[in-house]
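Visitor: As they're listed, the protein sequences go chains A and B. The first sequence lines up with residues 9 to 122 when you count with the numbering used here. The second sequence lines up with residues 9 to 122 when you count with the numbering used here. Sharing a structure, written as structure tokens. Questions coming.
There are 2 protein chains.
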Amino acid sequence: MDIQLKRGLLEVCVLAAIADEDSYGYKIIKDMKPYIELSESTLYTILKRLETADMLSVRTAEHEGRLRKYYHITRAGRKRIEEFKSDWTEMLSIYRFVTKEDESHVKDNISCGP
Amino acid sequence: MDIQLKRGLLEVCVLAAIADEDSYGYKIIKDMKPYIELSESTLYTILKRLETADMLSVRTAEHEGRLRKYYHITRAGRKRIEEFKSDWTEMLSIYRFVTKEDESHVKDNISCGP
DNA sequence: TGCCATACCTCGCGTTACGATGTATTACGC
DNA sequence: GCGTAATACATCGTAACGCGAGGTATGGCA
């Protein structure tokens with residue numbers, strides 16, 4: 009998949025990976041892998057960025073002698089996901105522009121969005 | 009709209025803007041405006057990039073005393089658009105991951121893609 | 001004459017993904 | 001016991017990219 013296309017998705021995917029329950033770096037990568045792959049260096053950069061933006065909070069806990077940093081999504085983080093959903097509508101419109109799909113009959117379709 | 013999300017779309021949108029008929033910088037911006045906005049500096053960077061990648065060819069022509077550079081999409085350019093369409097399938101899968109949409113019933117939907 | 005629209009272009013900056021690299025512990029095969 | 005893989009974290013430098021700021025030039029209109 010095109011790297012540039014990934015850029016807008018990575019951040020929100022990380023948030024989605026911790027939305028249901030708190031998670032930690034290594035697990036986030038594994039959970040995301042079937043959908044979108046990212047390197048560890050990228051993830052930790054993103055996690056730090058999201059923490060600075062108050063979209064997640066961090067809690068360090070010990071698990072079988074090894075320390076783990078659990079990430080918890082905040083209200084701002086959930087808001088970010090909602091914003092992504094709005095952006096998706098725009099994305100669809102752009103997709104149609106690129107594929108020259110006729111927009112007039114689109115309303116007859118079951119939308120791909122919310 | 010999120011800047012990062014735009015990144016993967018800009019290039020392919022420019023190609024789409026010249027796919028039906030040859031066009032020039034100023035017109036491309038205007039045609040794209042209803043769907044996605046980009047500055048002149050961004051466009052000319054993209055046009056140069058696409059030219060280097062042989063996804064479009066350039067022809068200079070005079071129009072009412074003013075010179076215009078007309079851009080023409082190449083076979084590689086059209087291939088790029090096709091690749092974008094394939095990527096879209098992946099995008100949809102990622103979208104569902106983020107929105108926690110159940111994928112099991114998706115096949116019952118009329119897809120948003122090709 | 002001044003100003004806006006048209007039409008092109010360049011430079012520098014900030015953001016971002018990622019490979020390379022490093023540290024440390026547990027688990028498992030040989 | 002020892003090497004290797006998996007787990008788990010982190011940093012640094014690089015390259016790509018969008019964009020604001022700025023530049024050049026012509027045509028049309030008030």
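Glycine included, C-beta positions come from ideal geometry on N, C-alpha and C. A quick note: this is a predicted structure, and the numbers were derived from the prediction, not measured.
Under a three-way DSSP split, which group does Glu45(A) fall into?
Guide: Coil at Glu45(A), not helix or strand.
Visitor: Within the stretch 51 to 107 of chain B, note down every full alpha helix (DSSP H) run reaching 4 residues or more, in order along the chain.
Guide: Restricting attention to alpha helix (DSSP H) runs no shorter than 4 residues, the stretch 51 to 107 of chain B encloses them at 83 to 107, ordered along the chain.
Visitor: Quick one: give me the first and last residue of the alpha helix (DSSP H) that Asp28(B) is part of.
Guide: Element bounds for Asp28(B): n/a, residue is neither H nor E.
Visitor: Could you give the C-beta distance for Tyr52(B) and Arg67(B), rounded to a whole number, given that I count them as a contact under 8 Å?
Guide: So it is not a contact: roughly 16 Å between Cβ atoms.
Visitor: Beta carbons nearer than 7 Å to chain A: which residues of the stretch 63 to 90 of chain B have them?
Guide: Answer set for the stretch 63 to 90 of chain B: Ile89.
Visitor: With which residues is Tyr34(B) paired in a DSSP beta bridge?
Guide: Looking at the DSSP assignment, Tyr34(B) forms no beta bridge with any residue, so it has no partner.
Visitor: Does the beta-carbon distance from Thr50(B) to Leu18(B) come in below 9 Å?
Guide: yes
Visitor: Tell me which residues of the stretch 13 to 27 of chain B have at least one Cβ-Cβ distance to chain A shorter than 9 Å, keeping chain order.
Guide: Leu13, Lys14, Arg15, Gly16, Leu17, Leu18, Glu19, Val20, Cys21, Leu23, Ala24, Ala25 and Ala27
Visitor: If you draw a straight line from the C-alpha of Glu91(A) to the C-alpha of Tyr32(A), how long is it?
Guide: Between Glu91(A) and Tyr32(A), the C-alpha separation is close to 24 Å.
Visitor: Does DSSP put Gly16(A) in a helix, a strand or coil?
Guide: Helix.
Visitor: Roughly how many angstroms separate the alpha carbons of Gly121(A) and Lys93(A), rounded to a whole number?
Guide: With a pLDDT of 47 at Gly121(A), under the threshold of 50, the modelled position of this residue cannot be trusted; read the value that follows with caution. Going by the C-alpha atoms only, they are around 7 Å apart.
Visitor: For a test of the three-state rule: what should DSSP assign to Met9(B), helix, strand or coil?
Guide: coil
Visitor: Exposed or buried, what is Arg74(B) when buried is set at 16 or more other beta-carbons lying within 10 Å of its beta-carbon?
Guide: By the C-beta density criterion, Arg74(B) is exposed, having fewer than 16 other C-beta atoms within 10 angstroms.
Visitor: What do you get for Arg83(B), buried or exposed, if any count of 16 or more other CB atoms within 10 angstroms of its CB means buried?
Guide: Classification of Arg83(B): exposed, given that the 10 Å Cβ count is below 16.
Visitor: For Ile102(A), return the contacting residues in chain B, with the cut-off set at a CB-CB distance below 8 Å.
Guide: Leu17, Cys21, Tyr43 and Ile44
Visitor: Less than 9 Å between CB atoms is the rule here; does Asp163(A) satisfy it with respect to chain B?
Guide: Here chain A covers residues 9 to 122 and nothing more, so residue 163(A) does not appear.
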